[in-house]
Every structure is written in C-alpha cells, then in structure tokens.
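Remarks on the structure that follows.
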Amino acid sequence: MKELKRLEPLQAATQFISKHYPNCQGALLAGSVVRGEATRTSDLDLVIFDDNFTSSFRESLIEFGWAIEVFAHNLTSYQAFFKSDCKRARPSLPRMISEGIILADKGVMQAIKKEAAQLLEKGPEKWPEETIRLKRYFISDALDDLIGSSNTGESLFIANTLAYITHEFVLRTNGHWIGDSKWIVRSLNLYNKGFSKEFVEAFDTFYKTGSKDKVIQLVDKVLAPHGGRLFEGFSLGKERLNQ
C-alpha cells in the first residue's frame, strides 16, 4: 500500500490547531521547519496560548504525517518559563515564540512575541568575577584530566564535559546565550562562526584521532583573556575560625 504523503508543515500545523484548539487565544509554529533547518526526522513545534489552561503542559502526538510537540500555556504561565530559561541562559521558549509563525491570534500574540524578542535581545545576566573564576578552575581541572588521561573511554567523556563547559564559558563571558545538544553549535555560530568552526574542528580531531593538541590550544585561547588556567591559589568554601 502506498504511503500517504504528509502535509506541508504550515498546512499540517494550521489543521492541527483548527481541530484540537479552535478556541485558543493564540498559536505559533516554531522550530527547525520555521528556520529552514528541517531534517527527515524533524517534528512540528507548536506553542499554544489558551486562558482555559489551568497550567502549562507539554504533549507529543502524531497527526497529519508529522510528529507534533505541543507546548501549551495560558496567558500568564509562560512567563515562569521565560524566567527559568533566562536564569539558565538557554532561552528555548523565548526563541520559539520570537521566531514562530502565527497560526491563530485573538489579539495577544504580538505583545507576547515582543516580550520574547526583548528578552533575547537583552541577553543573559552577566557573570560576576567570582563565577568566572570558579568556571576557570573547573575548565582547567577538566583540561588537566584530559591531558593526563591514557584511557580512551575516560578521555571521551572528559572531552564531552570539557566541550560543554568551554562553550558555556566563552558564550557567557561574551554576553551570549548558551545551548544544549545541537544548540551548542548553533549558539556558537550565533556568537562567532569562525570560532565555532575552530571549536568543532578541535574536538572532531580529538574524537577521530585521539590528538589533544587542538583542544588544548582552543581551551587555553578561551581562558587567556581571563587569566589563563587556574589552580594555584583557588579555594572554595574556606572559612577561618576567629582566633
């Protein structure tokens, strides 16, 4: 039996909203299909606003030939997610709303989209010097572990940790949002495409050949403007009794 061709993303999203949430105050299609980055396994990300929802929820369904992720909010609950996303410096919901294509609107979407865009433009909260120093120490420690490791399995996961905390450090110290999973590279690209390419090549070389040189050079380059590697003199939670 011939498999039915799935609907175009916008058509599928519009029909889904009409079928399941015809009375919602607003709805958006977001995600990779909107950015032109869809792959064979991409799903439809739908953000729905309905004041009848008592709280936010997330739901996964398959309809119209698509895997569909529903992110549902009432007209105030989304703000807690905005706050949480900004605190962790990964603005998932603000980004979805800001870039999303409006599918339904009863006069609420422009204000919410503006709120999301302003948060994105503002960027994450600036790291205090104490946090930068702490992160320098953790990166230095992980780099030393990688340099000293002769166990292939251990080295792979040390490198994973080092890649994440190094991407976090360079983005946060430059006032940019961080990412997770595929959004690590996307966030680095938004910051600086040249650096992002250098970052990927360094870790790709390590994973393919076991050579650590490019990773070491990259991490030292990231730490250099903030004083380089940190070990000597670092302390955490040290207190002295009054004499």
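In this note's numbering, the protein residues as written are -10 to 232. Every residue, glycine too, gets a C-beta built ideally from N, C-alpha and C.
For residue 167 and residue 122, the rounded distance between their alpha carbons: Here residue 122 refers to the residue found at position 133 when the sequence shown is read from its first residue. Here residue 167 refers to the residue found at position 178 when the sequence shown is read from its first residue. Cα to Cα, the separation comes out at about 18 angstroms.
Which complete beta strand (DSSP E) runs does the region -1 to 28 hold, if anything under 3 residues is left out? 15 to 19
Can you tell me whether residue 62 is helix, strand or coil according to DSSP? Reading the sequence shown from its first residue, position 73 is the one you call residue 62. In the structure shown, residue 62 sits in a strand (DSSP, three-state: E or B).
Would you kindly work out how many angstroms separate the C-alpha atoms of residue 33 and residue 138, rounded to a whole number? For this step, residue 33 is matched to residue 44 along the sequence shown. For this step, residue 138 is matched to residue 149 along the sequence shown. If I take the Cα positions, the gap works out to 42 angstroms.
Whole-Å CB distance - residue 56 paired with residue 35, under 8 angstroms assumed: The sequence position of residue 56 within the sequence shown is 67, counting from 1. The sequence position of residue 35 within the sequence shown is 46, counting from 1. Not really, about 11 angstroms apart at Cβ, beyond 8 angstroms.
Considering only residues of the region 84 to 117, which uninterrupted beta strand (DSSP E) runs meet the minimum length of 3 residues and lie entirely inside it, listed in chain order? 90 to 94
Residue 157 in three-state terms, based on DSSP: Here the question's residue 157 lines up with position 168 in the sequence shown. The answer is helix: DSSP assigns residue 157 an H, G or I state.
So what does DSSP say about residue 57, is it helix, strand or coil? Your numbering for residue 57 matches position 68 in the sequence shown. Residue 57 falls in the strand class under three-state DSSP.
Which residues in the same chain as residue -4 place their Cβ atom closer than 8 angstroms to its Cβ, once the five residues preceding and following it in sequence are excluded? As a first step, residue -4 is located in the sequence shown; it is residue number 7 there, counting from the start. Taken in chain order, the residues that qualify are 4, 53, 54, 55.
So what does residue 51 bridge to, in DSSP terms? To locate residue 51, count along the sequence shown from 1; it is residue 62. DSSP output for residue 51 lists 56 as bridge partner(s).
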